[in-house]
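Enquirer: Residues in the sequence shown are numbered consecutively from 151, following my numbering.
No residue lacks a Cβ here, since even glycine has one placed at the ideal position from N, Cα and C.
Next up is a structure, given as structure tokens.
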Amino acid sequence: MPIFTIPGIRYIFPKEVIRQKYFGGVDQFRVDFDLTGDEYFDTCYDDELYSVWMNFEDAQRHHYITLLQLRNLHYDEEAKRSDDFAIYFVNYDVSRLVWEVDWLVLYKWYFRHANCVLDDAHKAMMFNHMDSIEVGNTVISNKSFIKPIRKRDLDYSLSPAKIRHLDPDEYKEIDVGGKIWMDRNLNVDRFRNGDLIPHAASDEAWAKAVENKEPAWCYPLNFPKATKQYGKLYNGYAVTDPRGLAPEGWRIPNDTDYLNLISLYGSTSGGSLKSIEFWEKGHLHTNESGFSGLPAGFRCDDGSFAFFSDSGYYWSAAEGFPDTADALVMSAHDRIDMLKIELSIGLSVRCVKE
151 MPIFTIPGIR YIFPKEVIRQ KYFGGVDQFR VDFDLTGDEY FDTCYDDELY
201 SVWMNFEDAQ RHHYITLLQL RNLHYDEEAK RSDDFAIYFV NYDVSRLVWE
251 VDWLVLYKWY FRHANCVLDD AHKAMMFNHM DSIEVGNTVI SNKSFIKPIR
301 KRDLDYSLSP AKIRHLDPDE YKEIDVGGKI WMDRNLNVDR FRNGDLIPHA
351 ASDEAWAKAV ENKEPAWCYP LNFPKATKQY GKLYNGYAVT DPRGLAPEGW
401 RIPNDTDYLN LISLYGSTSG GSLKSIEFWE KGHLHTNESG FSGLPAGFRC
451 DDGSFAFFSD SGYYWSAAEG FPDTADALVM SAHDRIDMLK IELSIGLSVR
501 CVKE
């Protein structure tokens, strides 16, 4: 049986293969298992790295978001066998490294979380169709895992997999004054043509993107969990890139879109556009509009963060002087302004319907 070892844990897989598929590109990949939720498949970082998102609920209605990390354990052509691969499950951190893979074997897995700690920050996501798990010197049998509700029929037939970019959000449409907006901040990590937008987590990586005038994104405060509520922060080079930051059917708002938004609510437009939650005390935030503006703050060109929970900054498609673009700024009390911001800064993005 194939065995894959990472620090502190060993997975032992039963050799029951459902399908083997060559990764010639993400659009060619067909998943051969299903859960009680959605699957998200995408290449990651470059053409040889792949990741898989799982968003599902188990039989006890616990909700998990999982990253599957895949690795080819052998690199010569003759060693590309079905038992050369393993999958590593992490329950929330989608920024973990994704390892190289050329082939993937999908076994008949049944998914369930386990009390199996990889380190202080992550728990392993396991399945009960494996023989055993070793954590240090302790062996945990598959009896520790409970099979969740599953969609697979007895003949193992499945509905078609959902293939999409590595963006777990399904954006709903909200009507604000006759204009259709996204209901939340943008959270994509690819341009519209499928090219990856570099993730600049460290101060050094962010500063390098600024120096080279290259697109980049980051989590607010570099905290992955924040992206669920606040989306991602993008530098201006990502917003103005001709490959298109907005998903299909959407566009980056221009100044006219924002000015019309402001004019709808007059002097209290700032408070009317802000979400009721997440702002610091002292802010007026009624969300009368339903726009739900969020105080994600911004990221400076040196990589530092500022004004989280105090101000919200949203890129406009309108470019100003060299290396600047306009932005909508929601700040203290009911204030709202349009300012010119350097493209080196990381701001939120909220799209409008094309």
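Suppose you measure from the CA of LYS424 to the CA of LEU444; what does that come to, to the nearest Å?
Expert: In the sequence shown, the residue the question calls residue 424 occupies position 274. In the sequence shown, the residue the question calls residue 444 occupies position 294. In a straight line, the C-alpha of LYS424 is about 6 Å away from that of LEU444.
Enquirer: Three-state secondary structure (DSSP) at LEU409?
Expert: Walking along the sequence shown from the start, residue 409 turns up at place 259. Of the three classes helix, strand and coil, the one that applies to LEU409 here is helix, per DSSP.
Enquirer: Report the residue from GLY470, TYR464, HIS483 whose alpha carbon sits nearest the alpha carbon of ALA477.
Expert: Your numbering for residue 477 matches position 327 in the sequence shown. Closest by alpha carbon: TYR464.
Enquirer: Note down the Cα distance separating PHE322 from ARG401, rounded to an integer number of angstroms.
Expert: Locating residue 322 in the sequence shown gives position 172, counting from the first residue. Locating residue 401 in the sequence shown gives position 251, counting from the first residue. According to the sequence displayed, residue 322 carries Lys and not Phe. Answer to the nearest angstrom: the Cα atoms are 15 Å apart.
Enquirer: Candidates PRO472, LYS503, GLY496: which alpha carbon is nearest ALA355's?
Expert: Here residue 355 refers to the residue found at position 205 of the sequence shown. That would be GLY496, whose Cα lies nearest to the Cα of ALA355.
Enquirer: Using a 10 Å radius around the Cβ and a threshold of 16 neighbouring Cβ atoms, would you call ARG393 buried or exposed?
Expert: For the purposes of this step, residue 393 is identified with residue 243 of the sequence shown, where counting begins at 1. Exposed is the call here.
Enquirer: Three-state secondary structure (DSSP) at GLU323?
Expert: Walking along the sequence shown from the start, residue 323 turns up at place 173. The answer is strand: DSSP assigns GLU323 an E or B state.
Enquirer: Just mark PHE458 as buried or exposed, buried being the case when its beta carbon has 16 or more other beta carbons within 10 Å.
Expert: On the sequence shown, residue 458 is found 308 positions in, with the first residue counted as 1. Buried, by the Cβ-count rule.
Enquirer: Could you check the C-alpha separation between THR406 and PHE341 for me, to the nearest Å?
Expert: Within the sequence shown, residue 406 is the residue found at index 256, counting from 1. Within the sequence shown, residue 341 is the residue found at index 191, counting from 1. Their backbone Cα atoms lie some 24 Å apart in a straight line.
Enquirer: Between the stretch 476-495 and the stretch 379-399, can you find at least three pairs of beta-carbon atoms closer than 8 Å?
Expert: Result yes; three or more Cβ-Cβ pairs closer than 8 Å.
Enquirer: When burial is assigned at 16 or more other CB atoms within 10 Å of the CB, is HIS362 buried or exposed?
Expert: Numbered from 1 along the sequence shown, position 212 holds the residue referred to as residue 362. A small correction: the amino acid at residue 362 is Asn; His does not occupy that position in the sequence shown. Exposed is the call here.
Enquirer: Give the straight-line distance between the Cα atoms of HIS349 and GLY421, rounded to the nearest whole angstrom.
Expert: Along the sequence shown, read from residue 1 onward, the residue named residue 349 stands at position 199. Along the sequence shown, read from residue 1 onward, the residue named residue 421 stands at position 271. Between HIS349 and GLY421, the C-alpha separation is close to 32 Å.
Enquirer: Could you check if HIS435 is buried or exposed, using at least 16 other CB atoms within 10 Å of its CB as the buried criterion?
Expert: Start at 1 with the first residue of the sequence shown, and residue 435 comes out as number 285. It counts as buried.
Enquirer: Straight-line CA distance for ASN404 to VAL499?
Expert: Start at 1 with the first residue of the sequence shown, and residue 404 comes out as number 254. Start at 1 with the first residue of the sequence shown, and residue 499 comes out as number 349. Between ASN404 and VAL499, the C-alpha separation is close to 12 Å.
Enquirer: How big is the Cα-Cα spacing for TYR408 and TYR415?
Expert: For the purposes of this step, residue 408 is taken as residue 258 along the sequence shown, with counting starting at 1. For the purposes of this step, residue 415 is taken as residue 265 along the sequence shown, with counting starting at 1. So the two alpha carbons sit approximately 12 Å from each other.
Enquirer: Starting from LEU489 and walking both ways along the beta strand (DSSP E), at which residues does that stretch end?
Expert: Your numbering for residue 489 matches position 339 in the sequence shown. First-last of the beta strand (DSSP E) with LEU489: 486-492.
Enquirer: Please list the terminal residues of the continuous alpha helix (DSSP H) segment that includes ASP345.
Expert: Walking along the sequence shown from the start, residue 345 turns up at place 195. Premise fails: ASP345 is in no alpha helix (DSSP H) and is neither H nor E.
Enquirer: Given this structure, state the Cα-to-Cα distance separating ASP325 from ASP484, to the nearest angstrom.
Expert: As a position in the sequence shown, residue 325 is number 175, starting the count at 1. As a position in the sequence shown, residue 484 is number 334, starting the count at 1. Cα to Cα, ASP325 sits roughly 21 Å from ASP484.
Enquirer: With H, G and I counted as helix, E and B as strand and the rest as coil, what does DSSP make of TYR463?
Expert: Position 313 of the sequence shown, counting from 1, holds the residue named residue 463. Three-state DSSP puts TYR463 in a strand.
Enquirer: In the DSSP assignment, what are the bridge partners of THR390?
Expert: In the sequence shown, the residue the question calls residue 390 occupies position 240. None; THR390 has no bridge partner.
Enquirer: Thinking ASN335 and ALA446 are a contact (beta carbons under 8 Å), I'd like their distance in whole angstroms, please.
Expert: On the sequence shown, residue 335 is found 185 positions in, with the first residue counted as 1. On the sequence shown, residue 446 is found 296 positions in, with the first residue counted as 1. Indeed, because the Cβ distance is near 7 Å, the residues count as touching under 8 Å.
Enquirer: Please list the terminal residues of the continuous alpha helix (DSSP H) segment that includes VAL360.
Expert: Within the sequence shown, the letter at position 210 stands for residue 360. 353-362 is the extent of the alpha helix (DSSP H) around VAL360.
Enquirer: What residues match up with ASP452 in a beta bridge as DSSP calls it?
Expert: The sequence position of residue 452 within the sequence shown is 302, counting from 1. None, per the DSSP bridge assignment.
Enquirer: Determine the burial state of SER282: buried for a count of at least 16 other Cβ atoms within 10 Å of its Cβ, exposed for fewer.
Expert: Residue numbering aside, residue 282 sits at position 132 when the sequence shown is read from its first letter. Residue placement at SER282 is poorly supported in this model, since its pLDDT is 38, which falls under 50; the coordinates are not used for a value here.
Enquirer: Just tell me which of ILE347, ALA359, ASN343, VAL389 has its CA closest to the CA of ALA468.
Expert: Position 318 of the sequence shown, counted from the first residue, corresponds to residue 468. When only C-alpha atoms are compared, the closest one is VAL389.
Enquirer: Tell me whether THR474 sits in a helix, a strand or coil according to DSSP, three-state version.
Expert: Along the sequence shown, one-based indexing puts residue 474 at 324. Here THR474 sits in strand by DSSP.
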